[in-house]
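Trainee: Okay, here's the structure, questions in a sec.
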Amino acid sequence: MKKGLTSGLVLLILGSICGLLLAVVNYFTAPVIAANELREKMETFRQFYPDIDAFTPDEITENLPEGIDSIYLLLDPTNNNAVAHAIYSVHSMGYKTDVEMLIAIDTDLTIKGYAFIGTGGTEGIGLNLSAVDFGMTGTLITAWATNFDTRAGATITSIGDAPARNTGVRQCFVLVAERVAMDFGR
Amino acid sequence: MTMKENFLKGFIKENPLFVFVLGTCPALAITTTLENAIGMGVAVLFVLMLSNLLVSLVTVNPKLRELVMPVRIPVYIVLIATLVVIVEMLMKAFVPALYRTLGVFIPLIVVNCIIFGRAEAYASDHKPLESVIDGAGMALGFAMAIMIISLFREILGAGTITLWSQGANLSLDLHFIFEFLGIEPIDMFLKPVGAFMTFGVIMAVIAAATNAKAEKAEKAAKNAKTGQSGVTK
Numbered sequence: 042m043k044k045g046l047t048s049g050l051v052l053l054i055l056g057s058i059c060g061l062l063l064a065v066v067n068y069f070t071a072p073v074i075a076a077n078e079l080r081e082k083m084e085t086f087r088q089f090y091p092d093i094d095a096f097t098p099d100e101i102t103e104n105l106p107e108g109i110d111s112i113y114l115l116l117d118p119t120n121n122n123a124v125a126h127a128i129y130s131v132h133s134m135g136y137k138t139d140v141e142m143l144i145a146i147d148t149d150l151t152i153k154g155y156a157f158i159g160t161g162g163t164e165g166i167g168l169n170l171s172a173v174d175f176g177m178t179g180t181l182i183t184a185w186a187t188n189f190d191t192r193a194g195a196t197i198t199s200i201g202d203a204p205a206r207n208t209g210v211r212q213c214f215v216l217v218a219e220r221v222a223m224d225f226g227r
Numbered sequence: 098m099t100m101k102e103n104f105l106k107g108f109i110k111e112n113p114l115f116v117f118v119l120g121t122c123p124a125l126a127i128t129t130t131l132e133n134a135i136g137m138g139v140a141v142l143f144v145l146m147l148s149n150l151l152v153s154l155v156t157v158n159p160k161l162r163e164l165v166m167p168v169r170i171p172v173y174i175v176l177i178a179t180l181v182v183i184v185e186m187l188m189k190a191f192v193p194a195l196y197r198t199l200g201v202f203i204p205l206i207v208v209n210c211i212i213f214g215r216a217e218a219y220a221s222d223h224k225p226l227e228s229v230i231d232g233a234g235m236a237l238g239f240a241m242a243i244m245i246i247s248l249f250r251e252i253l254g255a256g257t258i259t260l261w262s263q264g265a266n267l268s269l270d271l272h273f274i275f276e277f278l279g280i281e282p283i284d285m286f287l288k289p290v291g292a293f294m295t296f297g298v299i300m301a302v303i304a305a306a307t308n309a310k311a312e313k314a315e316k317a318a319k320n321a322k323t324g325q326s327g328v329t330k
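Right under this line is the structure:
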């Protein structure tokens, strides 16, 4: 019994040393990993804002409603770090799996652009969401219902699983519209 | 066994992949480019050398060995997992593109039979230096094996040889060979079936060579015996 306990203690000590070692390595690599991830996100955002290097990014991840993963605010350093643009990372249930989107909004609440970062479950039925134009660019996010249903719905509702798939995409716009209304009071 | 023999045994005689058929899962999955194979080889080298060293260190002292042996499997797992997570963090920080390409096969090094096998079969019964040399030889033997597989697959499947593509692009375009032959690169070699075929053909060649060598040795021994018995008569 005593021997068993001592063996357990040896394992515990080894585990603690390993944990400490991992903490040290994490201390040095975590900032580099975070910087890499931010750089990759900035490259994705460049499709919406080619002059993205002129802004300071600020990521909001806390106190967000279900479905909104994060909000990236692009702050303008030449204008007292005022919010110049906002990019919402959202997800919603589509056809079988989540539809993950980035939706870029300007300060006048028009949709600057949107991109699909995950459309699992749509490729198998022969349709890639990123190839579909939902016609939302340049429209007001606050008028999502009218815009989505009239501009996007009519063009693609006849394709196979469209209702289920559209629900996912539509819901992404709904989530962003609700959040924008909350943030900007419009 | 000399240190040189200990180091070299992992390359051909006791090659973990081609002779013991260990670590086949990553070997078949990630060998689509030479770059992937080099990345995986370096990761396995780091983990195997250090895991052998640590396992040897905790078992070399008789008193500590007595305490560790009843819980040796969890101890090995803790040590190996720690090393793999360190590799994972370093790769994610400094070679993120390669890290993404290798994907789940980096964390899966924890359950790689070569690592665990060498810890249990060799490092736990040998001195630290011998264990490190064994680990280095085995890991380099494994790296050599997956590099051979990836070389065949990449040349035949994509018509390129990619040494490094992060930043400075070190790759060789061999499409002119395919153009000369009037064919396209064979896409199948980049798919799992191509991995199995390449692995199978290499194993068959090695088996044929080994059998031929054994046959030759047997014949020589028989001749020597016949000659010897002739002299005796």
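So the sequence lines, in the order shown, correspond to chains A and B.
Quick note: the first sequence uses my numbering, first residue 42, plus one each step.
Quick note: the second sequence uses my numbering, first residue 98, plus one each step.
In this text, a Cβ means the ideal position worked out from N, Cα and C, and glycines have one as well.
Just mark residue 273/B as buried or exposed, buried being the case when its beta carbon has 16 or more other beta carbons within 10 Å.
Mentor: Reading the second sequence from its first residue, position 176 is the one you call residue 273/B. Burial call: exposed.
Trainee: Between which two residues does the alpha helix (DSSP H) holding residue 332/B run?
Mentor: No statement about residue 332/B is possible, as the shown extent of chain B runs from 98 to 330 and does not include it.
Trainee: Sort out for me which residues DSSP pairs residue 127/A with in a bridge.
Mentor: The count along the first sequence starts at 1 and reaches residue 127/A at position 86. Per DSSP, 114/A, 146/A.
Trainee: Using 8 angstroms as the threshold, is the region 202 to 210 of chain B in touch with the region 148 to 167 of chain B, meaning 3 or more CB pairs across them?
Mentor: Taking 8 angstroms as the limit for Cβ pairs, the verdict is that the region 148 to 167 of chain B does not touch the region 202 to 210 of chain B.
Trainee: Measure from the C-beta of residue 155/B to each C-beta in chain A and report whether the shortest distance is under 9 angstroms.
Mentor: Translated into positions along the second sequence, residue 155/B becomes position 58. It does; some Cβ of chain A falls within 9 angstroms.
Trainee: Let me make sure I understand the geometry here. Which of 319/B, 148/B, 183/B has the alpha-carbon closest to that of residue 217/B?
Mentor: Looking up residue 217/B in the second sequence gives position 120. When only C-alpha atoms are compared, the closest one is 148/B.
Trainee: I'd like to check one pair, residue 131/B with residue 258/B: are the Cβ atoms closer than 9 angstroms?
Mentor: By 1-based counting over the second sequence, the position of residue 258/B is 161. By 1-based counting over the second sequence, the position of residue 131/B is 34. Yes, the Cβ-Cβ distance between residue 258/B and residue 131/B is below 9 angstroms.
Trainee: Pull up the DSSP beta-bridge partners for residue 156/A, would you.
Mentor: Locating residue 156/A in the first sequence gives position 115, where the first residue counts as 1. Note: residue 156/A sits in a beta bridge opposite 143/A.
Trainee: Our contact map puts residue 115/B next to residue 242/B with C-beta atoms below 8 angstroms; I'd like the distance itself, whole angstroms only.
Mentor: Stepping through the second sequence from its first residue, residue 115/B is reached at position 18. Stepping through the second sequence from its first residue, residue 242/B is reached at position 145. Confirmed, about 5 angstroms.
Trainee: Just to confirm, is the Cβ distance from residue 260/B to residue 183/B under 9 angstroms?
Mentor: Walking along the second sequence from the start, residue 260/B turns up at place 163. Walking along the second sequence from the start, residue 183/B turns up at place 86. It is not a contact, given that the beta carbons lie outside the stated cut-off.
Trainee: To the nearest angstrom, how far is it from the Cα of residue 179/B to the Cα of residue 173/B?
Mentor: Stepping through the second sequence from its first residue, residue 179/B is reached at position 82. Stepping through the second sequence from its first residue, residue 173/B is reached at position 76. The straight-line gap from Cα to Cα measures roughly 10 angstroms.
Trainee: For residue 57/A, count the other beta carbons within 10 Å of its own beta carbon; 16 or more makes it buried, fewer makes it exposed. Which is it?
Mentor: Position 16 of the first sequence holds residue 57/A. Result: exposed.
Trainee: Residues of chain A with CB under 9 angstroms from residue 142/B, in chain order?
Mentor: Here residue 142/B is taken as the residue at index 45 of the second sequence, counted from 1. Simply none; closest approach about 18 angstroms.
Trainee: How would you list, in chain order, the residues of chain A whose beta-carbon sits under 7 angstroms from the beta-carbon of residue 179/B?
Mentor: Here residue 179/B refers to the residue found at position 82 of the second sequence. The answer, in chain order, is 59, 62, 63.
Trainee: What number of angstroms, rounded off, separates the C-alpha of residue 121/A from the C-alpha of residue 134/A?
Mentor: Stepping through the first sequence from its first residue, residue 121/A is reached at position 80. Stepping through the first sequence from its first residue, residue 134/A is reached at position 93. Answer to the nearest angstrom: the Cα atoms are 38 angstroms apart.
Trainee: Between which two residues does the alpha helix (DSSP H) containing residue 274/B stretch?
Mentor: Counting from 1 along the second sequence, the entry for residue 274/B is found at position 177. Here the alpha helix (DSSP H) through residue 274/B covers 272 to 278.
Trainee: Quick one: grab the DSSP three-state call for residue 98/B.
Mentor: What you label residue 98/B is simply residue 1 of the second sequence in a count that begins at 1. Of the three classes helix, strand and coil, the one that applies to residue 98/B here is coil, per DSSP.
Trainee: Going by the beta-carbon positions, is the gap between residue 150/B and residue 255/B smaller than 9 angstroms?
Mentor: One-based indexing of the second sequence puts residue 150/B at position 53. One-based indexing of the second sequence puts residue 255/B at position 158. No, the Cβ-Cβ distance between residue 150/B and residue 255/B is not below 9 angstroms.
Trainee: Below 9 angstroms on C-beta distance, what does residue 66/A contact in chain B?
Mentor: As a working note, residue 66/A is residue 25 in the first sequence. Within chain B, the residues near residue 66/A are 182, 183, 186, 187.
Trainee: For residue 45/A, is the classification buried or exposed, using 16 other Cβ atoms within 10 angstroms of its Cβ as the cut-off for buried?
Mentor: Here the question's residue 45/A lines up with position 4 in the first sequence. Exposed.
Trainee: Return the bridge partner residues of residue 222/B from the DSSP annotation.
Mentor: One-based indexing of the second sequence puts residue 222/B at position 125. Note: residue 222/B sits in no beta bridge, so no partner.
Trainee: Note down the Cα distance separating residue 198/B from residue 91/A, rounded to an integer number of angstroms.
Mentor: Sequence index remark: in the second sequence, residue 198/B carries index 101 (1-based). Sequence index remark: in the first sequence, residue 91/A carries index 50 (1-based). Each residue's alpha carbon lies about 27 angstroms from the other.
Trainee: Can you pull the DSSP bridge partners for residue 97/A?
Mentor: The residue labelled residue 97/A in the question sits at position 56 within the first sequence. Answer is 116/A.
Trainee: Among 279/B, 266/B, 310/B, 246/B, which one has its Cα closest to the Cα of residue 297/B?
Mentor: Position 200 of the second sequence, counting from 1, holds the residue named residue 297/B. The shortest Cα separation from residue 297/B among 279/B, 266/B, 310/B, 246/B belongs to 246/B.
Trainee: What whole-angstrom Cβ distance do residue 250/B and residue 292/B have, given they're in contact under 8 angstroms?
Mentor: Counted from its first residue, the second sequence places residue 250/B at position 153. Counted from its first residue, the second sequence places residue 292/B at position 195. Rounded, the Cβ-Cβ distance is 7 angstroms, consistent with contact.
Trainee: Is residue 133/B buried or exposed, if buried means 16 or more other CB atoms sit within 10 Å of its CB?
Mentor: Along the second sequence, one-based indexing puts residue 133/B at 36. Residue 133/B should be labelled buried.
Trainee: Under three-state DSSP, which class holds residue 268/B?
Mentor: Sequence index remark: in the second sequence, residue 268/B carries index 171 (1-based). Strand, per DSSP.
Trainee: Give me the residue from 80/A, 111/A, 210/A with the minimum Cα distance to residue 174/A.
Mentor: Counted from its first residue, the first sequence places residue 174/A at position 133. Residue 210/A is the option with its Cα nearest to residue 174/A.
Trainee: Taking only the alpha-carbon atoms, compute the straight-line gap between residue 9/A and residue 301/B and give it to the nearest angstrom.
Mentor: In the structure as shown, chain A begins at 42 and stops at 227. Residue 9/A is therefore absent and cannot be evaluated.
Trainee: Determine the extent of the alpha helix (DSSP H) in which residue 262/B is found, giving its start and end residues.
Mentor: Position 165 of the second sequence, counting from 1, holds the residue named residue 262/B. Run containing residue 262/B: none; DSSP gives neither H nor E here.
Trainee: Which bits of chain A does residue 159/B rub up against, with CB to CB less than 8 angstroms?
Mentor: Locating residue 159/B in the second sequence gives position 62, counting from the first residue. Chain A residues near residue 159/B: none, gap ~14 angstroms exceeds 8 angstroms.
Trainee: Name the chain B residues that come within less than 9 angstroms of residue 74/A, Cβ to Cβ?
Mentor: Here residue 74/A corresponds to residue number 33 of the first sequence, with the count starting at 1. Within 9 angstroms Cβ-Cβ: 186, 189, 190, 193.
Trainee: Starting from the beta carbon of residue 167/B, find every residue of chain A whose beta carbon is closer than 8 angstroms, and list them in chain order.
Mentor: As a position in the second sequence, residue 167/B is number 70, starting the count at 1. Within 8 angstroms Cβ-Cβ: 44, 45, 48.
Trainee: Using 10 angstroms around the beta-carbon of residue 129/B, count the other beta-carbons present and answer buried if the total reaches 16, otherwise exposed.
Mentor: Position 32 of the second sequence holds residue 129/B. It counts as buried.
Trainee: Pairing CB atoms from the region 176 to 185 of chain A with CB atoms from the region 150 to 160 of chain A, are three or more of them under 8 angstroms?
Mentor: A contact exists between the region 176 to 185 of chain A and the region 150 to 160 of chain A.
Trainee: Return the CA-CA distance between residue 320/B and residue 312/B, expressed in angstroms with no decimal places.
Mentor: Taking the first residue of the second sequence as position 1, residue 320/B is located at position 223. Taking the first residue of the second sequence as position 1, residue 312/B is located at position 215. Approximately 12 angstroms, taken between the alpha carbons.
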